[in-house]
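Step one of this worksheet: look at the structure below.
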Amino acid sequence: MNIRVVLSVGALLLCAWIITRLIRTVRYPLREKVVLITGGSRGLGLVLARHICAHGGNVALIARDHEELARAKADLSPRGGEVLTIECDLLDTGQIQVAVRRVIDRFGKIDVLINNAGIIEVGPLEHLTPEDFNRAMCLHFWAPYELISQVVPEMRIWGGGRVVNISSIGGKVAVPHMASYSASKFALTGLSDALRAELARDNIYVTTVAPGLMRTGSHVNAKFKGNHDNEFAWFAASAGAPLISISADRAARKI
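Next up, the structure:
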């Protein structure tokens with residue numbers, strides 16, 4: 518290969534790295550920003566919403582459970598900012614489209630989209646069904662894809678925005694007994710990384726977050742297959758161990 522080509526490619530890669538570092542070091546002001554969070558009624562999504570409200574931002578929370586959304590709104594309302602809750606099944610494309618339109622109708626824009634909703638199914642491969650894999654792919658990949666497809670054209674009109682995709686360390690390093698989860702998170706990581714360079718030219722910055730184990734109580738909401746007691750025991754112990762997991766509050770501050 519021509520040495521000039523090698524040097525040119527190297528220079529471009531170095532510039533891209535420097536720009537990425539600069540973008541990451543600039544604090545993003547949240548005051549009066551509108552942030553749409555999926556899975557925002559509990560866990561990491563709710564903690565993120567608390568931080569956003571505390572900094573003067575407005576949040577729109579999407580989740581399936583009406584009662585959890587009501588509790589989240591009661592929690593967030595005194596913290597500052599405006600809170601909109603939307604009951605929505607992210608497995609239904611039509612409901613996603615309606616939810617996005619409701620947010621835009623209410624606030625006039627969406628500055629930040631945080632794809633956070635997720636599901637965890639734990640068990641050996643022989644106990645996982647095609648439906649398990651399909652459900653994980655729909656929630657972790659196709660729902661973010663649909664939301665991005667709905668929001669990005671609007672962000673272009675508004676002059677830019679941010680997309681944050683909450684993937685997982687399981688989307689970079691496959692985890693045994695979590696095949697459906699890892700496969701779908703790998704897909705989300707790939708989509709997110711591909712869009713980062715593509716959308717930057719439109720002043721839309723895409724961030725892929727790959728947290729490790731977090732103490733969010735995920736083991737309570739996870740689904741277990743095979744030997745339920747054994748699967749629950751190892752997952753709950755790992756998710757709650759302070760030495761190998763972090764709190765949702767610490768993770769939210771980093772994001």
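Residue numbers 518 to 772, in our numbering, belong to the letters of the sequence shown in order. Just so you know, even glycine gets a beta-carbon here, dropped at the ideal spot from N, CA and C. These numbers come from a predicted model, not from an experiment.
Tyr722 counts as buried, since no fewer than 16 other beta carbons sit within 10 angstroms of its beta carbon.
Under the Cβ criterion (8 Å, minimum of three pairs), the segment 619-636 counts as touching the segment 678-688. Annotation: Arg619 is outside any beta strand (DSSP E); the continuous alpha helix (DSSP H) that includes it extends over Thr610 to Phe624.
In its own chain, leaving out the 5 sequence neighbours on each side, no residue places its CB closer than 6 Å to the CB of Val690.
Judged by beta-carbon spacing, Ala580 lies within the 8 Å limit of Ser558, meaning their Cβ atoms are closer than that value. Contact between the segment 615-631 and the segment 546-562 is present, with at least three C-beta pairs closer than 8 Å. Taking C-alpha positions only, Thr706 is separated from Gly678 by approximately 19 Å. According to the DSSP assignment, Thr724 belongs to the beta strand (DSSP E) that extends over Ile721 to Val726.
Counting other Cβ atoms within 10 Å of its Cβ, Ser701 reaches 16 or more and is therefore classed as buried. Leu716 has its alpha-carbon roughly 31 Å from the corresponding atom of Gly597. The three-state reading of DSSP puts Val690 in coil, since its state is none of H, G, I, E or B.
Under the 8 Å Cβ criterion, the segment 598-611 counts as touching the segment 563-582, having at least three qualifying pairs. The residue among Ser697, Leu563 and Pro670 with its C-alpha nearest the C-alpha of Ala591 is Leu563.
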